[in-house]
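Trainee:
Numbering (the numbering used here), first residue to last: 10 to 925.
1. Would you report the Cα separation of residue 744 and residue 699, rounded to the nearest angstrom?
2. Name the residue from 828, 517 and 389 whose alpha carbon lies nearest to the alpha carbon of residue 432.
3. Let me know the beta strand (DSSP E) ranges lying completely inside the stretch 214-280, each 3 residues or longer, listed in chain order.
4. Who pairs with residue 633 in a beta bridge, going by DSSP?
5. Identify, in the order they occur along the chain, each residue of the same chain with its Cβ nearer than 6 Å to the Cβ of residue 646, setting aside the five sequence neighbours on each side.
6. I need the DSSP call for residue 539, collapsed to helix, strand or coil.
7. Going by beta carbon distance, what residues of the same chain come within less than 6 Å of residue 782, once the five residues before and after it are set aside?
8. Check whether the stretch 268-276 touches the stretch 199-206, taking contact to mean three or more Cβ pairs, one atom from each stretch, closer than 8 Å.
9. Would you mind working out which of 874, 809 and 626 sits nearest residue 830, comparing C-alpha positions?
10. If you draw a straight line from the alpha carbon of residue 247 to that of residue 578, how long is it in whole angstroms?
11. Excluding five sequence neighbours on each side, which residues of the same chain lie with their C-beta closer than 7 Å to the C-beta of residue 196?
12. What does residue 319 pair with, by DSSP beta-bridge criteria?
13. Counting only the same chain and skipping the five closest in sequence on each side, list residues whose C-beta sits under 8 Å from that of residue 682.
14. With a 10 Å radius around its C-beta and 16 neighbouring C-beta atoms as the bar for buried, classify residue 619 as buried or exposed.
15. Taking the straight line between their C-alpha atoms, what separation do you get for residue 224 and residue 244?
16. Spell out the partners DSSP gives residue 364 in its beta bridges.
17. From residue 301 to residue 287, what does the alpha carbon distance come to, in whole angstroms?
18. Please confirm if the stretch 360-375 is in contact with the stretch 390-404, defined as three or more CB-CB distances below 8 Å between the two stretches.
19. Contact defined as beta carbons within less than 8 Å: I believe residue 492 pairs with residue 469. What is the distance between those atoms, to the nearest angstrom?
20. On the criterion of 16 or more Cβ atoms from any shown chain inside 10 Å, does residue 913 qualify as buried, or is it exposed?
21. Quick check: the Cα distance between residue 37 and residue 900, rounded to an integer number of angstroms?
22. Below 8 Å on the Cβ atoms is my contact criterion, and I expect residue 793 with residue 771 to pass it. Report the Cβ-Cβ distance as a whole number of Å.
23. I'd like to check one pair, residue 895 with residue 387: are the Cβ atoms closer than 9 Å?
24. Measure the CB-CB distance between residue 610 and residue 575 and report whether it falls below 9 Å.
25. For the ligand GDP, I want to know if residue 767 counts as a neighbour, meaning its beta carbon is within less than 8 Å of at least one of the ligand's heavy atoms.
26. Can you tell me which of the three DSSP states residue 782 falls into?
27. So, for residue 768: in the same chain, excluding its five sequence neighbours on each side, which residues have a beta-carbon less than 8 Å away from its beta-carbon?
28. Are three or more beta carbon pairs between the stretch 722-731 and the stretch 854-864 nearer than 8 Å?
29. How would you call residue 826, buried or exposed, if buried means at least 16 neighbouring beta carbons within 10 angstroms?
30. Which residues mark the beginning and the end of the alpha helix (DSSP H) in which residue 162 is found?
31. Which residues does DSSP list as the beta-bridge partners of residue 502?
32. Since residue 476 is in the alpha helix (DSSP H), which residue starts that stretch and which ends it?
33. Taking the alpha-carbon of residue 665 as reference, which of 207, 317 and 242 has the nearest alpha-carbon?
34. Grouping DSSP H, G and I as helix and E and B as strand, with all else coil, what is residue 100?
35. Which whole-angstrom value describes the C-beta separation of residue 320 and residue 608, a residue pair presumed to lie in contact below a C-beta threshold of 8 Å?
36. Measure the CB-CB distance between residue 690 and residue 822 and report whether it falls below 9 Å.
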């Protein structure tokens with residue numbers, strides 16, 4: 010059979026519908042192509058093995074592909090008229106199957122050619138004229154060779170041979186009849202177009218519109234329709250810029266394609282030049298991959314699905330050639346990995362998590378709890394944040410975590426220097442040094458017996474390491490915290506490594522012990538990196554936002570740093586959280602950047618929008634989450650909601666199909682009822698505006714399931730951060746922000762009823778246009794301090810239409826999102842029946858923090874920590890997803906159902922003491 014090399018790509022010209030020579034009803038000038046287009050589709054594959062089946066709706070989130078429809082696809086509907094059904098020819102011997110006359114009789118279809126003639130000539134030859142100024146030569150489109158055996162074809166492509174309305178129960182449930190469901194007379198393995206031979210599963214170009222690159226497809230069906238025309242089914246490849254990455258995709262290798270599950274039917278003459286696309290094994294490193302890929306031509310190593318912008322390892326459901334193809338690039342490391350026995354790390358030791366921009370630890374805490382629910386021991390081994398009080402809170406609740414209070418930029422530089430020190434001192438061949446000899450007590454006793462000459466300082470031991478300038482000396486670099494011989498720990502100082510030339514042994518001791526105790530991560534030692542890099546440059550409060558290139562704004566630079574740390578450490582899994590604005594501002598520039606960076610680094614990726622209230626909280630709070638997984642791992646799915654929720658906003662238009670939610674046709678009775686403020690805080694003891702106690706007894710028991718759950722102990726919650734330590738149950742952080750006398754006086758005058766706010770104060774009038782103003786007929790009411798009862802900002806906020814200032818919440822309401830500031834000046838945050846704002850603990854409950862989680866810092870700092878955190882139940886649900894991925898639980902689709910005991914944890918077998 011003849012082939013066309015990739016280098017001989019032909020210029021594809023607009024063509025007309027192929028004409029069957031034996032069919033006088035067809036018109037030779039019927040046009041199916043001008044500039045051809047690919048369809049915008051919501052279709053999907055029905056089942057593995059049912060290659061041509063498509064659904065008009067698909068599952069939830071199967072949103073329209075950016076691929077465009079080829080003109081002429083509707084030819085299956087055009088020109089239909091009732092004709093007498095004819096018998097179907099099987100093979101080339103003219104055997105008539107009588108039972109099929111009944112199946113075809115009465116169908117609207119083109120008149121079939123004479124059966125006996127077809128039986129004698131198995132090659133269907135269709136001719137048409139080229140649209141060419143240079144030549145009027147005939148163009149032949151041929152179906153070559155014997156067709157598939159009739160029984161084989163019907164089993165392989167059943168929807169092509171079924172009468173309308175007679176689909177099986179399964180197919181009728183997942184498919185609907187569409188113009189794209191062309192019916193077939195018979196299927197072929199070979200076809201010839203303009204002298205080029207195509208075989209089933211060949212890759213080919215398909216002509217695009219003028220000035221656009223040709224589309225690329227795989228031929229997954231070749232068949233003759235009941236209208237006697239020749240068709241092929243295209244399974245489309247996406248270039249990176251054709252995916253959700255758009256312009257960001259142009260930074261990826263232009264030879265790299267992504268195989269999709271999108272398919273549609275097209276006239277056979279739409280095919281252009283044949284090409285060979287190499288499938289590359291995903292489980293090889295980037296260097297090996299770059300060396301193995303051919304210097305020219307396309308390759309693919311992942312699939313792409315529009316639903317949740319999923320870039321994933323190739324499955325046999327999408328890539329039918331996965332197990333059969335010989336065009337596979339592999340490597341010794343990939344082959345070695347396949348032959349080695351699989352080790353399950355959760356059976357051996359806890360897995361290591363690095364929490365970047367950790368705050369007080371909401372996301373990592375939730376992830377560890379959720380992983381434990383899946384039977385996986387995941388520990389927050391390292392955490393990094395710039396806020397010192399947030400670091401203290403995380404350390405208070407995770408005492409075995411290496412918490413670092415520093416910039417993420419400096420942390421990355423430190424990691425690189427730490428790797429050099431580990432290599433320099435060959436730590437793998439060294440024994441851990443017993444540092445007990447260097448305790449502060451022994452140092453003091455030794456120092457009392459051996460006085461150093463005045464002005465002479467000797468290093469007793471090194472206590473810590475950092476990169477930066479912690480003492481503001483102007484000298485930035487690697488520093489060690491030095492404990493000096495003869496001095497107490499309060500005299501410890503940060504010293505540059507260059508000044509410790511005489512303390513090489515002490516440096517070695519520190520590096521060896523630091524390595525053995527895992528004080529810093531090294532490349533390949535991290536199982537999960539999670540974090541929410543701040544992108545303050547896209548905030549609506551920033552009047553100088555850069556809409557052209559947001560990454561030029563220093564306030565958005567942490568997104569680059571986050572991805573650089575991922576690139577350096579190469580964790581098995583990545584989970585990034587951020588505000589929805591990363592998908593809104595500048596056409597989603599930052600969201601596409603983050604997704605593109607993961608794909609560049611050879612990670613699988615999935616993007617979703619998650620609403621906190623869907624997992625059992627009385628707040629809405631929508632956030633964007635991006636999962637990443639090495640190609641050697643299972644890409645985690647997103648957890649389906651467990652609760653109904655009061656909607657308070659929607660997803661960006663382009664990303665509506667990324668909202669993690671039940672399908673529109675799903676049974677919503679499986680969801681639990683939405684939760685309200687009263688469900689979360691109604692049983693907490695009454696406190697005043699000046700409450701000073703940081704811990705107190707509960708006073709009463711829980712009154713509902715949420716309150717029972719949130720009161721669970723660490724052990725009951727499967728939290729191993731304290732080991733098996735049992736603590737007396739107390740209520741922490743039940744303190745409100747102390748309002749100043751004027752604000753407190755205003756709060757006391759707000760009625761204790763639903764919807765009350767500053768408009769209920771004396772002297773406020775509201776017009777028919779909902780704009781408030783001061784009553785001109787009375788003197789303006791004053792407070793004892795002499796200040797107005799109703800402040801000017803309350804009247805002017807939102808041009809007089811605000812109803813938030815000094816707003817009182819009610820028991821049967823939810824909150825849009827837990828805020829970082831507790832001042833009541835422009836938000837609804839007053840307790841329903843007490844004259845105060847919600848306490849830190851009440852806010853923490855709205856975020857799903859267990860009651861045992863204690864915060865550190867001033868009142869304002871603790872409010873900020875809680876408000877900035879990822880809601881713990883969301884982290885917990887995503888932790889379940891991670892646990893499933895660690896345990897290699899494979900399932901179809903982007904979503905999964907959480908276990909029935911998600912809110913009723915059952916203690917798991919002892920996973921052993923955590924080894925850091």
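C-beta: ideal position from N, C-alpha, C; glycine also.
Mentor: Taking the structure as given:
1. 8 Å
2. 517
3. 224-234, 239-248 and 265-276
4. 587 and 618
5. 890, 903, 904 and 905
6. strand
7. 774
8. no
9. 874
10. 29 Å
11. 156, 157, 162, 166, 230, 231 and 232
12. 314
13. 652 and 653
14. buried
15. 11 Å
16. 392 and 539
17. 10 Å
18. yes
19. 5 Å
20. exposed
21. With a pLDDT of 35 at residue 37, under the threshold of 50, the predicted position of this residue should be treated as unreliable, though the coordinate-derived value follows. Looking at the two C-alpha atoms, the distance is approximately 49 Å.
22. Their Cβ separation, rounded to whole angstroms, is 14 Å, which puts residue 793 and residue 771 out of contact at 8 Å.
23. yes
24. yes
25. In terms of ligand content, the structure shown is empty, and the ligand GDP therefore cannot be addressed.
26. strand
27. 775, 781 and 812
28. yes
29. buried
30. 159-165
31. 491
32. Unbroken run through residue 476 is the beta strand (DSSP E), 468-477; no alpha helix (DSSP H).
33. 317
34. Here the model assigns residue 100 a pLDDT of 32, short of 50, so the residue's position is not dependable and the matter cannot be decided.
35. 6 Å
36. no
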